[in-house]
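Trainee: Residue numbers are given in the working numbering: position 59 of the sequence shown equals residue 52, and the series is strictly consecutive.
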Amino acid sequence: MKMNRLPGALVLLVLMSGAATVEAAQCRVNGGPWRQVDTGGTLTFQVPVTVRVGADTSRILLEGARLDCRFTPYGFPAWYTDHWSTSALAGAPWTPGPKFINQGTGLRINGGYYNTPVPFGIRIANMPNNAVGVPVDATPYILIRNNPTNPIDVRIGDVLGVLRLSQTNNYDSSRTGLSLTYTAANNFAISPSSCTINNNNPIEINFGNVPQRAIGTDPLTSSIVSNRRLTYSCPDAGITTPITITYKGTSSSFDSRLLMMTNPNVGTAMVRAGAAVPVNGSFLTRITNSVGGDDVTFSLVRRNNAIPTAGAISGSGVLVMGVP
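1. Contact between the stretch 56 to 72 and the stretch 122 to 133: three or more CB pairs below 8 angstroms?
2. Among ASP146, ILE280 and GLY24, which one has its Cα closest to the Cα of THR224?
3. Would you list, in sequence order, the uninterrupted beta strand (DSSP E) runs of no fewer than 3 residues that lie entirely inside the stretch 157 to 237?
4. My assumption, with CB atoms under 8 angstroms, is that GLY308 sits in contact with MET254. Please give the rounded CB distance.
5. How far does the beta strand (DSSP E) with LEU312 in it extend, from its first residue to its last?
6. Could you tell me the boundaries of the beta strand (DSSP E) in which ASN119 lies?
7. What's the call for VAL15, buried or exposed, on a 16-neighbour Cβ count within 10 Å?
8. Going by DSSP in three states, PHE113 sits in which element: helix, strand or coil?
9. Report the CB separation of VAL147 from LYS92 in whole angstroms; it is logged as a contact under 8 angstroms.
10. Quick test of the definition: if touching needs 3 or more C-beta pairs under 8 angstroms, does the stretch 26 to 34 touch the stretch 74 to 88?
11. Using CA atoms only, rank isn't needed, just tell me which of ARG157, PRO110, ASN122 and ALA182 is closest to PRO66.
12. Sorted by chain position, which residues of the same chain lie with C-beta nearer than 6 angstroms to SER167's C-beta, five sequence neighbours on each side aside?
13. With the cut-off set at 8 angstroms, would you say PRO204 and ARG250 are in Cβ contact?
14. Use the C-beta contact count for GLN19: other C-beta atoms within 10 angstroms, 16 or more gives buried, fewer gives exposed.
15. Indicate the three-state DSSP secondary structure (helix, strand or coil) for PRO89 in the structure shown.
16. Okay, do the stretch 217 to 236 and the stretch 191 to 204 touch, 3+ Cβ pairs below 8 angstroms being the bar?
17. By Cβ distance, which residues of its chain are closer than 6 angstroms to ALA118, with the 5 residues on each side in sequence left out?
18. With distance defined between alpha-carbon atoms, name the residue in LEU173, LEU156, ALA71 and ASN179 nearest to VAL46.
19. Give the DSSP-derived three-state secondary structure of TRP27 in the structure shown.
20. Could you give the distance in angstroms between the alpha-carbon of VAL259 and the alpha-carbon of ARG265?
21. Which of the three DSSP states is assigned to GLN96 in this structure?
22. How should ASP75 be labelled, buried or exposed, when 16 other C-beta atoms within 10 angstroms of its C-beta is the threshold for buried?
23. What residue ranges within the stretch 240 to 272 form continuous beta strand (DSSP E) runs of no fewer than 3 residues, ordered along the chain?
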C-alpha cells in the first residue's frame, strides 16, 4: 500500500513546484497588463517618460513609469515573500543613455537619492503571497552640474537609460530579473549651468542728457559711450572652457549691429576688441578656473542723415553665456 501511494505523492509535489516556478513573479507598467517572468529569465519593458526639472532644481527627473509587481502563489504558505532589489545578478541598477554620458545620474528609490554607480543590495519592495500589486518605487534622475559645457538636448523618442532589478524570495534560491528601458515622451533642452555674468545683476547703461547732433552715426566712432566690465563666474571650481557671450534683443531697422530703442532713429551698440557685436550675434571669450571677464563699450548711434527728436529714449537687451 505504501509503494502504491508514493508515486501519487511525488506527482503532487512536482505539480506544486511547477506552480511556484511559473506563477511567482509578475509585473506591469502604468496599469497595463500583468506580464509573467519565468525563473531565471528577465522581464523587459520599454516606457516613455516625461523629462522635467525637479522641485529642488538640482536634478532632472525622468518621471511617468509606474512599475508594479506581485507574487501569485496559489495557496503557498503565508510567509512566502518575493523581494525586488538592486543586485549584481541583474547588472548595473541604472545605465544612462547616450545623451547623459557626461552627466551625473542616479536613482531615487523610496524617496532616497543614490548617485551612479547605484549600490547593489538596495531592497525596493516586498511582495507577499496575496497576488496584490506592490509599487516598485525607483525613478531615474540627472544631476544638474554648474558647468556651461554640459547642455542637455533631449528629443522625443531618445533612449534615456535602462533600469535593472532582481527578484529573489525567502523560500528558495531562484531569481528573476527586470529590465526597463526609458524613452523620452517630450522634447527637453537645458544648459545646466549657474555660471553668471556680473553675478546676474542688471547692467544699466545711462548715457545722461545727450545733444541730438552729438550722437555719432558709427558704433566705432560715436562719442556717446559708456564703458563696462563684464565678469564671469561659476560656483563650481576648476571650470576652464571657451564660452560665448551673445547680445540678445531686437535690432534697429537701420543697422543690425544696433539694439532697437524707443526712438526709431537711435540704436545702441556693444563694442568689444574694436568691433561691434551684432544684435543676436556673439563673441568668443573664456572662463579659466571658473572666472573670466571682458571690457566692452556701449555706444549710442543715430541713423545717418537723421536728427533724432528730443526726449527720453530707452531700450533693453540681454547678455547670454553659452558654449561654442
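Just so you know, even glycine gets a beta-carbon here, dropped at the ideal spot from N, CA and C.
Mentor: In short:
1. yes
2. ILE280
3. 169 to 177, 181 to 183 and 218 to 226
4. 4 angstroms
5. 311 to 315
6. 116 to 121
7. For VAL15, the predicted structure reports a pLDDT of 40, less than 50, and the residue's modelled location is therefore unreliable. The matter cannot be settled from this model.
8. coil
9. 6 angstroms
10. no
11. ASN122
12. THR32
13. no
14. buried
15. strand
16. yes
17. TRP77, VAL127 and VAL129
18. ASN179
19. coil
20. 20 angstroms
21. coil
22. buried
23. 259 to 265 and 268 to 270
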